[in-house]
Structures are given as C-alpha cells and as structure tokens.
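2 is the number of the first residue of the sequence shown in the working numbering; add one for each residue after it.
Cβ coordinates follow ideal geometry from the N, Cα and C atoms, glycine included.
What you are looking at is a predicted structure, and each value in this text was computed from that prediction instead of being measured.
A quick write-up on the structure given underneath.
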Amino acid sequence: MDPSAHDKAHLRRGKACYHCRIRKTRCDGALPSCGPCVRAGCEDDCEYLHIGEKARVQIIEERILEVEAKIRRYTKGKRQSTLKGKEKARAASPSASSSSSSSASLSTATSTSSRSSSSMLSSPSTSSSVSSLQSQSPASLSPTCPSPCLSPDLTGSVPPEAFATVIPQDVIHLFSDTFYDHATDFGFFLDEALIQFRPAGDRPSCMSPALTATIYLLSAHLSAHPSVAKLESFLLTTACNLLPKELATPGANVAEILQAELLLAQYFFALGRNTEARFHMSIGSGIAFGCGLPDKVCPGLDPIRSRAAYLFLLSLDNAWSAALGYTPHKPLSAVLHGSNCDVMNSMWTMSGFPGQPVLVTKSVTLWQGVEALITTPMPFGDLLERSENLEKLIQLWLLELDYYETETRDTGALSRVLLFAGTVTHYAFMKLRRLLWARETPEDHLHSACAILRKIIAAVEKGQITYLNPLMGKIWYGVYELVSHEIRQRGPLGEDTAELAMTLRSGLVAISSLSDTCCFAREFSVLHVPS
Numbered sequence: 002m003d004p005s006a007h008d009k010a011h012l013r014r015g016k017a018c019y020h021c022r023i024r025k026t027r028c029d030g031a032l033p034s035c036g037p038c039v040r041a042g043c044e045d046d047c048e049y050l051h052i053g054e055k056a057r058v059q060i061i062e063e064r065i066l067e068v069e070a071k072i073r074r075y076t077k078g079k080r081q082s083t084l085k086g087k088e089k090a091r092a093a094s095p096s097a098s099s100s101s102s103s104s105a106s107l108s109t110a111t112s113t114s115s116r117s118s119s120s121m122l123s124s125p126s127t128s129s130s131v132s133s134l135q136s137q138s139p140a141s142l143s144p145t146c147p148s149p150c151l152s153p154d155l156t157g158s159v160p161p162e163a164f165a166t167v168i169p170q171d172v173i174h175l176f177s178d179t180f181y182d183h184a185t186d187f188g189f190f191l192d193e194a195l196i197q198f199r200p201a202g203d204r205p206s207c208m209s210p211a212l213t214a215t216i217y218l219l220s221a222h223l224s225a226h227p228s229v230a231k232l233e234s235f236l237l238t239t240a241c242n243l244l245p246k247e248l249a250t251p252g253a254n255v256a257e258i259l260q261a262e263l264l265l266a267q268y269f270f271a272l273g274r275n276t277e278a279r280f281h282m283s284i285g286s287g288i289a290f291g292c293g294l295p296d297k298v299c300p301g302l303d304p305i306r307s308r309a310a311y312l313f314l315l316s317l318d319n320a321w322s323a324a325l326g327y328t329p330h331k332p333l334s335a336v337l338h339g340s341n342c343d344v345m346n347s348m349w350t351m352s353g354f355p356g357q358p359v360l361v362t363k364s365v366t367l368w369q370g371v372e373a374l375i376t377t378p379m380p381f382g383d384l385l386e387r388s389e390n391l392e393k394l395i396q397l398w399l400l401e402l403d404y405y406e407t408e409t410r411d412t413g414a415l416s417r418v419l420l421f422a423g424t425v426t427h428y429a430f431m432k433l434r435r436l437l438w439a440r441e442t443p444e445d446h447l448h449s450a451c452a453i454l455r456k457i458i459a460a461v462e463k464g465q466i467t468y469l470n471p472l473m474g475k476i477w478y479g480v481y482e483l484v485s486h487e488i489r490q491r492g493p494l495g496e497d498t499a500e501l502a503m504t505l506r507s508g509l510v511a512i513s514s515l516s517d518t519c520c521f522a523r524e525f526s527v528l529h530v531p532s
C-alpha cells in the first residue's frame, strides 16, 4: 500500500475524535463511529471537537466529581458538628441534653442551605413544631386535616430512616392525598400507586425513606394548614440527611434516588433557592446520564417510565435554565436543529407513551429554542430563517394543544399539564415575536400575553387548580411586565387600554387567589395595574 494513501486515510493531529485522542491512536474520521473506536468496542458515537471544546463525557465526569466533592464536604462538616454537639451534651444537664442535640442536628444538617434561606423555611425547631402540633385541639383543625398527635421521639432518639414512625397515620394519609393531586406538577414519573400505599404498623412504606421524606416535604409545603406546614423544616432535614446515604449505598434503588433528587430540586426552585436546586438537579442529571438514559433502561423501571424519567428531567432542567438564564446539562434547543430531531420526534409520537411528559417536553423544547435564538449571536439572515421555522413549529403546536384542551374533559393532572404546556408555548411565542421588532407589531406580543392571562383566569374560575408548577411564576411576571409597559405607553386614553387593564387586573386577582399553596402567587398580591 502506498504510504501517502495511508496518511490520507487518517486525520491530522488535533482533528481526531475524543476517544482516539484519549487513547493517542490515529483516527480515520468515519461517521458515526471511526474505525479504531468500532474495533475498541466504544458504544457512543464519535465526537469531533474543535480546540478548547469539551466532550459530553468530560462534562458529565467533571460534574460528577464536583457533586462528589460537595457531598464529601457536607458529610465531613456534619460529622464534625455532630461530634461537637455530643461533647456539649455530655457536659450539659439531662434535661437540656435532648433539646440541644435536637437543635444542633437540625441546624448542622441545613447549614449549607440556610445562608440563602427564604422566609418559607424560617420555621421553629423540630421540638417546637412538635409541641405546637400536640397543643392543637381537634376543633382547631380543618376537616381535611385531622388532629395530629406526634411522638416526643421526634426530638432525636429515632434514626432518620424511621422518621415516618413518629408521624401519625392521619397526617401521612393527608400527605399522600395532597401529593397525589400534584405529582405531575413536580415531575413524578414513578408509579402513582406508590403514593397511595398506606404504610401502617408492620407494613412499611414500599418507597425508600429518602423518597418518602421528599414527598412528605412537598406535601407539607403545599398544605395550607399551619400545624402541618411546621413539619416542613423537619422533613427537609430528614430528606437531605437520607439522600446522600442512599446514594452511597450499594444496591440502592436508582430510580427512586433519581426521583427524590428531581423532586427536591423542584422544591428548592419553588422557594427561589436556586443554588441548592441546581445542585440537586446536577446530581439527578449525573445519575440519569450514568444510567445511559434514554438509550438504556434505568434500573428498577420499565422502558416507558425510563423514557418518562429522562423527559421530565431534561425538560424541567431546560425550563428552569430558560427562566433563570443558566446553561442546562443537555440543551433541548439542539433537538430543533441537530441530528437528534428524529429521535425526539419518535419519543413524542411513540404508541402508548404517557402523554404528560410529552406535552411538557415539547413545549419546553420550543421555549428553549427561542431562548437560544435570543442569546446566540448569528447573522441576521440565519436568525430570520430560524425564527420563521420556529414560529411555524410553535403555531402548529398551539393548534394541537387547543385541540387537546377541547377534547379532554379531565379536570385533574392532565388539565394542569395542558395549562402549563399552553402557557409555556404562548410565552415562547411572545418572546419570539418581540425578537424581531422590525416585522412585528406590539399587538402580536399582547395577543400571546393576554392568552396566558385568560388561561389562568379560566382555570381558577373552574376550580381546576390550587397549585401550579413553580415555573409559572416566572412566566406570569414576564407577562405582567409586558402588559404593564404597554398600558403605560398607551396612556389612559389609548386604544384598548381599558380592556388591557381589565384583563391584567382579572389575571392578578386569579393568581393571587392561589397564594395559600403557591409560593409565587404570593408575590402577585402586592402588584397593581398601572393607572
């Protein structure tokens, strides 16, 4: 063979795929996998990177190392604080010992998150929560919240894994019923029958302690009754203690750990504690990608729920990145223009695939696509072409959503998912039209904004919702700012100003009516319509 022909069959230095660079072997540049990688048995397709770029494997490995380092730091700090607390307890009196150890264990377990803590979690210590719950009489509680009578063992003598044994059965049933009604809002992809299982006596919960504590935590957050809501701090401490232990336990249920991390991330996002939320989202993403989702089946799940887990994790991570302006672990915007478009379309149209994660994912994908157009510098011609293609996709999806809303008579989880999907898609349409002021008019932006407000008003009037996905708060505020700005620009005598003001006022009233259970809704109670 001619040596010059052999040299042409290989790429030049710096052009080889990532795996060939690691192995320091010659690469022939074949797609989707080069010859050396095929012979080496690499499962992933080859990545040909420019200088300075990082491969997906590198990015995931770095994030896993960061998460492991944070877990080690938190665990080390907790052990040191626990030892100091025990030394102080030996020197203290027996009566003060129990209360000091309880306060120390509760404060050290939440020390990393308390720096950015909001007022929602500034509740009393665990022991004070117990005493206030015990002092409640049955007549002072609402009919839907039976009188709880907690055990004094909650002060610290019971191990975290057995935390559910000191919570009365009526409160556990209340937690299960509350979360069951809002499971999809938080991205619950496991079998919903697990939530309705009633643990009692020698019949323990069929879920892991960490997942159980996380579900009870979200239920306490959703509860409008102050007695039950005071358990929130204790349940947060318990969930944060149990998750690292289960993550480090060989043979643990990977699917339930992934579910607990996703739920805990949504909880912190709902409180505005974005650093802790992104931390738990990173752990969940590392677990999902480590399991090989979506190509492989997650241990403990069937193929359909494995795909649902992947879609919920991917879509919620991308939705929050679009709302807060950070980079997601795996951008969905690449799906609209990349080679994975056929794969995602097959996910959306797969026979028998659960509809709720599909609705969320497709809407968030379009939103992420609009945000990518806004933040990515490109020639105006490319921007115009991509925006027109994206506008067609959004309009087609809005027509499909309108059809689903017309055909379905569901007033539960599906109606809330349709509301969320429609709101996200209209918001993406609004931002896309604002991107090109030269060929669009303000009325086009207001049409999407008012459509969002009317959806919220109708849902509240029908009694379909008591709590909405926390992402809705970000969208509502963006709509409020746009409509308020337009009202101020037009003035009191402007065209359609009165109609705009009435729509905005009705929307604020509807949103504020959810303030008992929706954290973001409380912020809208102080807003007003410009005069």
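State buried or exposed for Glu44, treating a residue as buried only when at least 16 other CB atoms are found within 10 Å of its CB.
Residue 44 sits at position 43 when you count from the first residue of the sequence shown. Burial call: exposed.
Should Met431 and Val480 be called a contact, given that it needs their Cβ atoms to be closer than 9 angstroms?
As a working note, residue 431 is residue 430 in the sequence shown. As a working note, residue 480 is residue 479 in the sequence shown. Their beta carbons are under 9 angstroms apart, which means Met431 touches Val480 by this criterion.
Hey, how far is the Cα of Ala422 from the Cα of Leu402?
Taking the sequence shown and counting its residues from 1, the one referred to as residue 422 is at position 421. Taking the sequence shown and counting its residues from 1, the one referred to as residue 402 is at position 401. Looking at the two C-alpha atoms, the distance is approximately 8 angstroms.
Quick one: what does DSSP say Ser209 is sitting in, helix, strand or coil?
To locate residue 209, count along the sequence shown from 1; it is residue 208. DSSP places Ser209 in coil when its eight states are reduced to three.
How long is the line joining the alpha carbons of Leu436 and Val298, rounded to whole angstroms?
Here residue 436 refers to the residue found at position 435 of the sequence shown. Here residue 298 refers to the residue found at position 297 of the sequence shown. Each residue's Cα considered, the two are about 40 angstroms apart.
Rounded to a whole number of angstroms, what is the C-alpha to C-alpha distance between Gly273 and Glu392?
Translated into the one-based positions of the sequence shown, residue 273 becomes position 272. Translated into the one-based positions of the sequence shown, residue 392 becomes position 391. Cα-Cα distance, rounded: 31 angstroms.
Once the 5 residues before and after Ala230 are set aside, which same chain residues still bring their CB inside 7 angstroms of it?
As a working note, residue 230 is residue 229 in the sequence shown. If we look at Ala230 and ignore the five residues flanking it on each side, its Cβ neighbours are Ala221, Ser224.
Do you know how far the Cα of Pro300 is from the Cα of Cys292?
Sequence index remark: in the sequence shown, residue 292 carries index 291 (1-based). Sequence index remark: in the sequence shown, residue 300 carries index 299 (1-based). So the two alpha carbons sit approximately 8 angstroms from each other.
Can you tell which of Ile512, Met503, Ser516, Ser514 has its C-alpha closest to the C-alpha of Pro531?
Within the sequence shown, residue 531 is the residue found at index 530, counting from 1. Checking every option, the nearest Cα to that of Pro531 belongs to Met503.
Are the Cβ atoms of Glu48 and Arg57 separated by less than 9 angstroms?
Residue numbering aside, residue 48 sits at position 47 when the sequence shown is read from its first letter. Residue numbering aside, residue 57 sits at position 56 when the sequence shown is read from its first letter. Yes, these two residues count as a Cβ contact at 9 angstroms.
Apart from the five residues just before and just after Phe176, which ones in its own chain have a Cβ nearer than 6 angstroms to its Cβ?
The residue you call residue 176 lines up with position 175 of the sequence shown. Closer than 6 angstroms at the Cβ level, and outside the excluded window around Phe176, lie Tyr217, Ser220.
Smallest Cα separation from Val371: which of Glu262, Tyr428, Val510, Ile258?
Along the sequence shown, read from residue 1 onward, the residue named residue 371 stands at position 370. It is Tyr428.
Assuming the contact rule is C-beta atoms closer than 8 angstroms, Val418 and Trp368 should be a hit. Round their C-beta distance to whole Å, please.
What you label residue 418 is simply residue 417 of the sequence shown in a count that begins at 1. What you label residue 368 is simply residue 367 of the sequence shown in a count that begins at 1. Incorrect: roughly 15 angstroms between the Cβ atoms, too far for contact.
Tyr268 and Phe187 - do their beta-carbons sit closer together than 9 angstroms?
For the purposes of this step, residue 187 is identified with residue 186 of the sequence shown, where counting begins at 1. For the purposes of this step, residue 268 is identified with residue 267 of the sequence shown, where counting begins at 1. For Phe187 and Tyr268, yes; Cβs fall inside 9 angstroms.
What's the call for Ser119, buried or exposed, on a 16-neighbour Cβ count within 10 Å?
Locating residue 119 in the sequence shown gives position 118, counting from the first residue. Confidence at Ser119 is low in this model, with a pLDDT of 34, below 50, so the placement of that residue should be treated as unreliable; the coordinate-derived value is given next. It counts as exposed.
Taking Cβ to Cβ, would you say Val68 is nearer than 9 angstroms to Ile284?
What you label residue 68 is simply residue 67 of the sequence shown in a count that begins at 1. What you label residue 284 is simply residue 283 of the sequence shown in a count that begins at 1. Taking 9 angstroms as the Cβ cut-off, Val68 and Ile284 qualify as a contacting pair.
With DSSP as the reference, label Met379 as helix, strand or coil.
Position 378 of the sequence shown, counted from the first residue, corresponds to residue 379. DSSP places Met379 in coil when its eight states are reduced to three.
In its own chain, which residues sit with a C-beta less than 7 angstroms from the C-beta of Phe270, not counting the 5 before and 5 after it?
Along the sequence shown, one-based indexing puts residue 270 at 269. Closer than 7 angstroms at the Cβ level, and outside the excluded window around Phe270, lie Ala278, Trp321, Pro471.
Pop quiz: Ser190 and Pro358 are said to be a contact at Cβ under 8 angstroms. What is the actual Cβ separation, rounded to whole angstroms?
Along the sequence shown, one-based indexing puts residue 190 at 189. Along the sequence shown, one-based indexing puts residue 358 at 357. Sequence inspection shows Phe at residue 190; the Ser mentioned does not correspond to that position. The pair is a contact, with the Cβ atoms about 7 angstroms apart (cut-off 8 angstroms).
If we count the other Cβ atoms within 10 Å of its Cβ and call it buried at 16 or more, is Ile23 buried or exposed?
The sequence position of residue 23 within the sequence shown is 22, counting from 1. By the neighbour-count rule (16 or more Cβ atoms within 10 Å), Ile23 is not buried but exposed.
Since I believe Leu433 is in contact with Ile395 (beta carbons under 8 angstroms), could you give me their beta-carbon distance rounded to a whole number of angstroms?
As a first step, residue 395 must be located in the sequence shown, where it is residue number 394. As a first step, residue 433 must be located in the sequence shown, where it is residue number 432. Contact flag correct, Cβ pair sits at about 7 angstroms.
Can you say whether Phe164 is buried or exposed, counting buried as having 16 or more other CB atoms within 10 angstroms of its CB?
Position 163 of the sequence shown holds residue 164. Counting Cβ neighbours within 10 Å, Phe164 comes out buried, since at least 16 surround it.
Under three-state DSSP, which class holds Ser516?
In the sequence shown, counting from the first residue as 1, residue 516 sits at position 515. Three-state result, Ser516: coil.
So, helix, strand or coil for Leu273, using DSSP?
One-based indexing of the sequence shown puts residue 273 at position 272. Inspection of the sequence shows that residue 273 is occupied by Gly rather than by Leu. Three-state result, Gly273: coil.
Expressed to the nearest angstrom, what Euclidean distance is found between the alpha-carbon atoms of Phe235 and Leu399?
On the sequence shown, position 234 is the one that residue 235 refers to. On the sequence shown, position 398 is the one that residue 399 refers to. Cα to Cα, the separation comes out at about 43 angstroms.
Closest by CA to Asp303, which one among Ala256, Leu212, Leu243?
Locating residue 303 in the sequence shown gives position 302, counting from the first residue. Nearest option by C-alpha distance: Ala256.
State the DSSP-derived secondary structure class of Asn254, mapped to helix, strand or coil.
Counted from its first residue, the sequence shown places residue 254 at position 253. Coil.
Excluding the five sequence neighbours on either side, which residues of its own chain have a C-beta within less than 7 angstroms of the C-beta of Arg523, listed in chain order?
Looking up residue 523 in the sequence shown gives position 522. Cβ within range, chain order: Ser516.
Let me check understanding here. Comparing Cα to Cα, which of Lys246, Leu264, His330, Val172 lies closest to Pro227?
The residue given as residue 227 occupies position 226 in the sequence shown. Checked all of Lys246, Leu264, His330, Val172; the closest Cα to Pro227 is Val172.
Look at Leu333 and Leu263 and say whether their C-beta atoms are less than 9 angstroms apart.
Translated into positions along the sequence shown, residue 333 becomes position 332. Translated into positions along the sequence shown, residue 263 becomes position 262. Contact flag unset, no.
Might you give, ordered along the chain, the residues of its own chain that have their beta carbon closer than 8 angstroms to the beta carbon of Val484, omitting 5 neighbours on each side?
Counting from one through the sequence shown, the residue named residue 484 turns up at place 483. If we look at Val484 and ignore the five residues flanking it on each side, its Cβ neighbours are Leu447, Ala450, Cys451, Leu454, Leu501, Thr504, Leu505.
Alpha carbon to alpha carbon, what distance is there between Thr467 and Glu406?
Position 405 of the sequence shown, counted from the start, is the residue given in the question as residue 406. Position 466 of the sequence shown, counted from the start, is the residue given in the question as residue 467. Cα-Cα distance, rounded: 19 angstroms.
In whole angstroms, give me the CA-to-CA distance for Ile65 and His183.
For the purposes of this step, residue 65 is taken as the residue at position 64 of the sequence shown. For the purposes of this step, residue 183 is taken as the residue at position 182 of the sequence shown. Rounded to the nearest angstrom, the two C-alpha atoms are 30 angstroms apart.
What residue range is occupied by the uninterrupted alpha helix (DSSP H) comprising Lys246?
Along the sequence shown, one-based indexing puts residue 246 at 245. Run containing Lys246: 233-248, per the alpha helix (DSSP H) assignment.
Measure the C-alpha to C-alpha separation of Thr213 and Cys18 and round it to an integer number of angstroms.
By 1-based counting over the sequence shown, the position of residue 213 is 212. By 1-based counting over the sequence shown, the position of residue 18 is 17. Between Thr213 and Cys18, the C-alpha separation is close to 44 angstroms.
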